[in-house]
Every structure is written in structure tokens, then in C-alpha cells.
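Chains as they are written, first to last, in the numbering used here: chain S, 1466 to 1584; chain G, 7 to 122. Cβ coordinates follow ideal geometry from the N, Cα and C atoms, glycine included. One structure is given here, and the rest of the page talks about it.
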């Protein structure tokens, strides 16, 4: 079974500052993928960044970076230079593989963190 | 390129009525997923298809729910009869495979369903 834990129900950050959103995961899969999605108040789910469990370097996409610590089973999202438009719910998700190496396909989501960016 | 398209965006119906949600995946994607989002349960997978074939429907709540994918560009999720507890946002997502970053799931805008 896979489990994603996001311990911060809400976070506040000042505009232009950096913020870290926490995500820890639990899995016995040897290979897995970790994803972050953004859900603004309009409701759509927007893909932000992906990290593979065998990737040696932390993933980066523009102002988003993923602080991947495999031994600690954490995959925190770092947003640099926060903007007002970053205010949204953020979800961490995992996709695992079975013993035969076949991906499960499905994503398991955390409960999300609401980020509020103050001007 | 067009993203995942869902219709309707909003649906209000009365208990007992049939509800049909529609999804058009991104062209060329071979996996299609249906998720449901509620405050109590968060985001949960209902069913997913690979090349139009259902692979895992273990998340479908009960027999009132059914999903089909008659071709690579269209899928439906049907609830019959609907109940108030079915009120939720239903997302459709698609991906190209399920491996690595290429297998990233891209979500549609969702259908917000309210059953009175």
C-alpha cells in the first residue's frame, strides 16, 4: 500500500519569498514516481513537477524544485520567489510499481496544503 | 494542443436521476483515468483504462457507477441512480504510458456534480 502525508494544512508566505511544502511518503515499491499538482480556486489540477525514485538529481521546473530525500522518504516542493498567483492548494502524489516492474498507473494523493501568498 | 476536455462543467440533478459525465483525453494518450474529489475523502481513483480497456475499477463505489471508453477519444462515467453522497468533483485525466515523467497524468477541468 502507498501513503502520502502532507502535514501542513495551510501555509503562508510573503510575496517574493521562498516557501517549502512538505510531503512524506510510504511505499515498499522499488521504483516509483512523485508528482506535485497545483489546484487554484478555479478547481483545475495543474501538473507542476515530477521526480523519479532513481533520479539522482532533484527535479526543477522554473520556480519549482523538488527536494527529494529518498532515505527519509520525503519529496518537498520548494517554490522560489512566490507570486500572488501561487496561492492555491498543492497536492503531492505518488505512482508506484508492482514486483514485476509494471506501473500501477494510479496516483495516490496526499490531503493537500493550502498556500496563501501575502502581498 | 488541446488538453483534456470534460463536459458538463457543472451538473445539478435530483436524487434518482441518471448522470453522465464525458471526457475527451489528450490526443495520442493511451491511458485514461477517472478520479473523484470530495472534502472527506480527498482525491481517489475510480477507474482507469489502457487502450480503451478497463484495467482497474476497484475504486468504483458500487454498481450504480459505470464507465466506458468506446474509442480512444471518448469516455463516459455514468451514475444511475444518483444519490446526494455522489456530490463531488469528478476529474478525468490522461497520460502517455505510466512510466517516468512521460507517464504524467494531465487533468481535465473537472465536472462539479451536485445531487439534491
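Look at the alpha carbon of residue i and the alpha carbon of residue j, and state the distance between them as a whole number of angstroms.
i, j, result
"residue 78(G)", "residue 57(G)", "7 angstroms"
"residue 29(G)", "residue 1523(S)", "34 angstroms"
"residue 52(G)", "residue 1495(S)", "25 angstroms"
"residue 1468(S)", "residue 1575(S)", "8 angstroms"
"residue 71(G)", "residue 1512(S)", "27 angstroms"
"residue 63(G)", "residue 54(G)", "7 angstroms"
"residue 90(G)", "residue 119(G)", "10 angstroms"
"residue 1484(S)", "residue 1498(S)", "22 angstroms"
"residue 1552(S)", "residue 1480(S)", "10 angstroms"
"residue 1569(S)", "residue 1561(S)", "6 angstroms"
"residue 99(G)", "residue 33(G)", "12 angstroms"
"residue 96(G)", "residue 1488(S)", "24 angstroms"
"residue 110(G)", "residue 1534(S)", "21 angstroms"
"residue 59(G)", "residue 75(G)", "7 angstroms"
"residue 46(G)", "residue 1506(S)", "18 angstroms"
"residue 1493(S)", "residue 1502(S)", "23 angstroms"
"residue 122(G)", "residue 31(G)", "29 angstroms"
"residue 1540(S)", "residue 1525(S)", "12 angstroms"
"residue 88(G)", "residue 50(G)", "18 angstroms"
"residue 68(G)", "residue 42(G)", "14 angstroms"
"residue 108(G)", "residue 13(G)", "26 angstroms"
"residue 35(G)", "residue 61(G)", "15 angstroms"
Strictly by DSSP, which residues pair up with residue i?
i, result
"residue 1476(S)", "1580(S)"
"residue 1532(S)", "1541(S)"
"residue 84(G)", "26(G), 72(G)"
"residue 96(G)", "42(G), 117(G)"
"residue 12(G)", "29(G)"
"residue 19(G)", "121(G)"
"residue 1468(S)", "1491(S)"
"residue 1586(S)", "Residue coverage of chain S in this structure runs from 1466 to 1584, which leaves residue 1586(S) outside it and unanswerable."
"residue 101(G)", "37(G)"
"residue 1568(S)", "1562(S)"
Going by the beta-carbon positions, is the gap between residue i and residue j smaller than 8 angstroms?
i, j, result
"residue 94(G)", "residue 82(G)", "no"
"residue 37(G)", "residue 106(G)", "no"
"residue 1508(S)", "residue 1579(S)", "no"
"residue 1500(S)", "residue 1581(S)", "no"
"residue 11(G)", "residue 116(G)", "no"
"residue 1555(S)", "residue 1527(S)", "no"
"residue 48(G)", "residue 112(G)", "no"
"residue 84(G)", "residue 44(G)", "no"
"residue 1486(S)", "residue 1473(S)", "yes"
"residue 1572(S)", "residue 1558(S)", "yes"
"residue 1490(S)", "residue 1514(S)", "no"
State yes or no: is the C-beta of residue i nearer than 7 angstroms to some heavy atom of the ligand SAM?
i, result
"residue 1559(S)", "As far as ligands go, the structure on display features none, and thus does not contain the ligand SAM."
| Along the chain, which unbroken stretches of the beta strand (DSSP E) at least 3 residues long are found entirely within the stretch 1539-1563 of chain S? | Qualifying beta strand (DSSP E) stretches, in chain order: 1539-1544, 1553-1561.
| query | Does the stretch 1537-1545 of chain S come within contact of the stretch 14-23 of chain G, defined as at least 3 CB pairs closer than 8 angstroms? | reply | At 8 angstroms Cβ cutoff, the stretches do not touch.
| query | Could you give the uninterrupted runs of the beta strand (DSSP E) lying entirely in the stretch 28-62 of chain G, keeping only those of 3 residues or more? | reply | Entirely contained in the stretch 28-62 of chain G, the beta strand (DSSP E) runs reaching 3 residues are, in chain order, 37-44, 48-56, 59-62.
| field | 3-residue-minimum beta strand (DSSP E) runs that sit fully inside the stretch 1484-1534 of chain S, ordered along the chain | value | DSSP runs (the beta strand (DSSP E)) wholly in the stretch 1484-1534 of chain S: 1484-1486, 1489-1491, 1497-1504, 1511-1517, 1529-1534.
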